[in-house]
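Asks:
There are 2 protein chains.
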Amino acid sequence: MGNEPTSYRERKVISIGVVKELTGLSERQIRYYEERKLIFPERSARGSRKYSFDDVERLMDIANQIEDGVQTFEIRQEMIRKEKNEAKKETVREDMLRGQLNAYFHMRK
Amino acid sequence: MGNEPTSYRERKVISIGVVKELTGLSERQIRYYEERKLIFPERSARGSRKYSFDDVERLMDIANQIEDGVQTFEIRQEMIRKEKNEAKKETVREDMLRGQLNAYFHMRK
DNA sequence: CGTGTAAGGAATTCTGACACG
DNA sequence: CGTGTAAGGAATTCTGACACG
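If you're matching them up, the sequences are chains E and A in order. For the first sequence, the positions run -4 to 104 when the working numbering is used. For the second sequence, the positions run -4 to 104 when the working numbering is used.
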């Protein structure tokens, strides 16, 4: 449930200039996808955006979809849909665990 | 023998400012350890240093050793010693493989 | 030897806006 | 809608040097 370790893929340490080189996108595009809530860079102490390798991959995926004519809000909806699905899976997993624990304690009565 | 894939740990994408935050070292220190050939950042198109996560870890290790009174040239010597050892291991591995292949072909004669 | 600092220039990044379509 | 661009300011990074010890 927690996510403290933060793998290399998830650590936000890459500046927009490097992201530009890595993805081939313009700064304008990168910032715009953030405006449309498709990516969520962190900010350094004095306000410059910091991206993770995951963000970079996500950006390349977004760029491909846009090339295919998909609009940003559609990409976003699909993103939200997937997140909900993940949350649901998580809930199901927890329910199963709870069920097993219950069964266990009843058994011991 | 090759090393094309370049994992996240090895990709040089982090600017000195972020390395400073991550390690707690000063820019002066970080640049000095490079001068002493302990780390090897790449350079971006217009000359700013780029570090990898591996470099960040190595820097923290270096800082610890310096705190313990180890001098930079000693750290470097130890580094070189380890590299030679790695190269040797690699050679041994190749020799063994060659030996096995030889044995195989002789057997088939 | 290892690190701090002031110096000046060059490159980076940021925001808000106008433009096109 | 998605992206380009000019604008001005603020922060970053670079190098070579002087300093201390």
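Glycine residues also receive a C-beta, built at the ideal position from the N, C-alpha and C atoms. Please read all numbers here as calculations on a predicted model, not as lab measurements.
Determine the burial state of Phe68 (chain A): buried for a count of at least 16 other Cβ atoms within 10 Å of its Cβ, exposed for fewer.
Replies: exposed
Asks: Taking buried to mean at least 16 other C-beta atoms within 10 Å of its own C-beta, is Tyr28 (chain A) buried or exposed?
Replies: buried
Asks: Below 8 Å between beta carbons: does that hold for Ala3 (chain E) and Tyr3 (chain A)?
Replies: For the sequence presented, residue 3 (chain E) should be read as Tyr rather than Ala. Cβ atoms of Tyr3 (chain E) and Tyr3 (chain A): closer than 8 Å.
Asks: Using a 10 Å radius around the Cβ and a threshold of 16 neighbouring Cβ atoms, would you call Arg88 (chain A) buried or exposed?
Replies: exposed
Asks: Kindly give me the distance between the Cβ atoms of Tyr46 (chain E) and Lys7 (chain E), rounded to whole angstroms, as I take these residues to be in contact under 8 Å.
Replies: 6 Å
Asks: Counting only C-beta atoms, is Val87 (chain A) closer than 8 Å to chain E at any point?
Replies: no
Asks: Output yes or no for whether 8 Å exceeds the beta carbon distance between Ile11 (chain E) and Arg53 (chain E).
Replies: no
Asks: Of all Cβ atoms in chain A, is any one closer than 8 Å to the Cβ of Arg4 (chain E)?
Replies: Taking Cβ atoms only, chain A reaches closer than 8 Å to Arg4 (chain E), which makes this a yes.
Asks: Apart from the five residues on each side of it in sequence, which residues of its chain come closer than 7 Å, Cβ to Cβ, to Glu22 (chain E)?
Replies: Ile11, Lys15
Asks: Verify the CB distance criterion: does Asn(-2) (chain A) have a CB-CB separation below 8 Å to chain E?
Replies: Caution is warranted here: a pLDDT of 49 is assigned to Asn(-2) (chain A), below 50, making its placement in the model unreliable, and no coordinate value can be reported.
Asks: Leu20 (chain A) and Ala58 (chain A) - do their beta-carbons sit closer together than 8 Å?
Replies: yes
Asks: Of all the alpha helix (DSSP H) runs that stay within the bounds of the segment 41 to 92 of chain A, which reach a length of 4 or more residues?
Replies: 48 to 62
Asks: Please state if the CB of Asp50 (chain E) and the CB of Pro116 (chain E) are separated by a distance shorter than 8 Å.
Replies: There is no way to answer for residue 116 (chain E), as the model of chain E reaches only from -4 to 104.
Asks: Could you name the residues of chain E that Ile9 (chain A) contacts, counting a contact when the two beta carbons are closer than 8 Å?
Replies: Val8, Ile9
Asks: Grab the span of the alpha helix (DSSP H) containing Ile34 (chain E) for me, first residue to last.
Replies: Where Ile34 (chain E) is concerned, there is no enclosing alpha helix (DSSP H), given that its DSSP letter is neither H nor E.
Asks: Residues in the segment 21 to 52 of chain E with C-beta within 8 Å of chain A's C-beta atoms, listed in sequence order?
Replies: Ser39, Ala40, Lys45, Phe48
Asks: Tell me where the alpha helix (DSSP H) around Val8 (chain A) begins and ends.
Replies: Premise fails: Val8 (chain A) is in no alpha helix (DSSP H) and is neither H nor E.
Asks: Rounded to whole angstroms, what's the CA-CA distance from Glu152 (chain A) to Arg71 (chain A)? Just pull it up for me.
Replies: The question about residue 152 (chain A) has no answer here: the residues shown for chain A are numbered -4 through 104.
Asks: In chain A, which residues lie less than 8 Å from Val13 (chain E) when you measure between Cβ atoms?
Replies: Val8, Ser10, Ser39, Lys45
Asks: When you compare each of A:Phe48, A:Lys79, A:Ser39 to Thr1 (chain E) by their alpha carbons, which one comes out closest?
Replies: Distance from the Cα of Thr1 (chain E) is smallest, within the candidate group A:Phe48, A:Lys79, A:Ser39, for A:Phe48.
Asks: Give me the Cα-Cα distance between Lys83 (chain A) and Gly64 (chain E), rounded to the nearest whole angstrom.
Replies: For Lys83 (chain A) and Gly64 (chain E), the distance between alpha carbons rounds to 54 Å.
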